[in-house]
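Participant:
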Amino acid sequence: MSNSSVMALPATAQVALEVMETWDAIRARRNVRTYKDRAIAPEHLDRILEAGWRSPSASNRQKWDFVLVTEPGQLQELSTVWTGARHLATAKAAIVLVLPEPESERYRTLDEYDLGQATMAMMLAAADLGIGSGHAAIGDQEICRRILGAPTDHICAYMLAFGYPADRPLKPIAKPDRRPFEKVVHRGSW
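Counting in our numbering, the sequence shown runs from 1384 upward without gaps.
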């Protein structure tokens, strides 16, 4: 639906439409680790980055930095910093989430929580655009910092790979592989 047709809807319909789009992105998002050989438009990468930039931050610390990588050789190198990061080699883009060494353990916890929120915001923004994403940890800090030119007093925390899914397009998953809802959700007490 075009923006002009959204603007013509009554305010209540606009809200319902926006909620539905968000809900569809939440239900469609899955880890994607094989990608089509199709570039991601720069404006779509900017939207994904902006989603991370807009995400909540404890005490509004915003200690994060996001390093966007689109160069194939660099993506190949990043795929070596963690056993579970091989999918970065064929991704069309990656975002490495970087934090400064925290002032104390308390701030490490807050900043890592912030990165979790930024990660999910970026993954949902990507899903909304039909772009798949797959996360990875980082085992070799020294190599990752060298690849990115990151300062030695910073931690390369996590990586997100992006690309259009090679196997099937993103769409809401009717029966997700999750623990049963009624066994996960506790109301009022365990």
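Beta carbons are placed, not taken as given, at the ideal position from N, Cα and C, and that holds for glycine.
According to the neighbour-count rule (16 or more other Cβ atoms, all chains shown, within 10 Å of its Cβ), is Ser1438 buried or exposed?
Facilitator: Walking along the sequence shown from the start, residue 1438 turns up at place 55. It is buried - the Cβ of Ser1438 has at least 16 other Cβ atoms within 10 Å.
Participant: When the Cα of Leu1493 is compared with those of Lys1558, Leu1461, Thr1466, Lys1446, which residue comes out closest?
Facilitator: If you number the sequence shown from 1, residue 1493 lands on position 110. Among Lys1558, Leu1461, Thr1466, Lys1446, the Cα nearest to that of Leu1493 is on Lys1446.
Participant: Any idea what DSSP makes of Val1574, helix, strand or coil?
Facilitator: Because the chain here runs from 1384 to 1573, residue 1574 falls outside it and cannot be looked at.
Participant: Could you pull out every residue in the same chain whose Cβ sits closer than 7 Å to the Cβ of Val1464, ignoring the five residues on either side in sequence?
Facilitator: Indexing the sequence shown from 1 puts residue 1464 at position 81. The answer, listed in chain order, is Ile1521, Gly1522, Asp1523, Ile1526, Cys1527.
Participant: Assign Ser1462 to one of three DSSP states: helix, strand, or coil.
Facilitator: As a position in the sequence shown, residue 1462 is number 79, starting the count at 1. Ser1462: coil per DSSP, three-state reduction.
Participant: What three-state label does DSSP hand Ser1487 in the structure shown?
Facilitator: Residue numbering aside, residue 1487 sits at position 104 when the sequence shown is read from its first letter. Correct three-state label for Ser1487: coil.
Participant: Could you tell me whether the region 1506-1518 touches the region 1450-1464, using the rule of 3 or more Cβ pairs below 8 Å?
Facilitator: As far as the Cβ criterion goes, the region 1506-1518 does not touch the region 1450-1464, which means the pair count is below three.
Participant: Spatial neighbours of Ala1422 within its chain, please: C-beta separation below 8 Å, excluding the five flanking residues on both sides.
Facilitator: Residue mapping note: residue 1422 aligns to position 39 of the sequence shown, counting from 1. Hits under 8 Å: Lys1475.
Participant: Within the same chain, show all residues whose beta-carbon is closer than 6 Å to that of Tyr1490, passing over the 5 residues directly before and after it, in chain order.
Facilitator: Within the sequence shown, numbered from 1, the residue matching residue 1490 stands at position 107. Same-chain partners within the cutoff: there are none.
Participant: How would you label Arg1444, buried or exposed, when you count the other beta carbons within 10 angstroms and need 16 or more for buried?
Facilitator: Residue numbering aside, residue 1444 sits at position 61 when the sequence shown is read from its first letter. Exposed: under 16 other Cβ atoms inside 10 Å.
Participant: Are the beta-carbon atoms of Ala1540 and Val1452 separated by less than 8 Å?
Facilitator: Here residue 1540 refers to the residue found at position 157 when the sequence shown is read from its first residue. Here residue 1452 refers to the residue found at position 69 when the sequence shown is read from its first residue. In this structure, Val1452 does not lie closer than 8 Å to Ala1540 by Cβ.
Participant: Apply the 10 Å Cβ neighbour rule to Asp1560 and answer buried if 16 or more other Cβ atoms are within range, or exposed otherwise.
Facilitator: Walking along the sequence shown from the start, residue 1560 turns up at place 177. Exposed, by the Cβ-count rule.
Participant: May I ask which residues mark the beginning and end of the alpha helix (DSSP H) holding Ala1434?
Facilitator: Position 51 of the sequence shown, counting from 1, holds the residue named residue 1434. From DSSP, the alpha helix (DSSP H) with Ala1434 extends over 1425-1437.
Participant: Between Tyr1547 and Thr1417, what straight-line distance do the alpha-carbon atoms span, to the nearest angstrom?
Facilitator: Your numbering for residue 1547 matches position 164 in the sequence shown. Your numbering for residue 1417 matches position 34 in the sequence shown. Near 8 Å, if we compare the C-alpha coordinates of Thr1417 and Tyr1547.
Participant: Buried or exposed: Gly1499, going by 16 or more other Cβ atoms within 10 Å of its Cβ?
Facilitator: Translated into the one-based positions of the sequence shown, residue 1499 becomes position 116. Exposed, since its Cβ has fewer than 16 Cβ neighbours within 10 Å.
Participant: Can you list, in chain order, the residues of its chain whose CB lies under 7 Å from that of Arg1410, leaving out five sequence neighbours each side?
Facilitator: On the sequence shown, residue 1410 is found 27 positions in, with the first residue counted as 1. Closer than 7 Å at Cβ, skipping near neighbours: Pro1555, Ile1556.
Participant: Return the residue from the list Arg1430, Ala1472, Ile1538, Asp1420 that minimises the CA-CA distance to Met1506.
Facilitator: Numbered from its first residue, the sequence shown carries residue 1506 at position 123. For Met1506, the nearest C-alpha among the options comes from Arg1430.
Participant: Quick one: is Arg1412 buried, meaning 16 or more other Cβ sit within 10 Å of its Cβ, or exposed?
Facilitator: Against the sequence shown, residue 1412 aligns to sequence position 29. That one is buried.
Participant: Report buried or exposed for Arg1570, applying the criterion of at least 16 other Cβ atoms within 10 angstroms of its Cβ.
Facilitator: Walking along the sequence shown from the start, residue 1570 turns up at place 187. Its Cβ having fewer than 16 others within 10 Å, Arg1570 is exposed.
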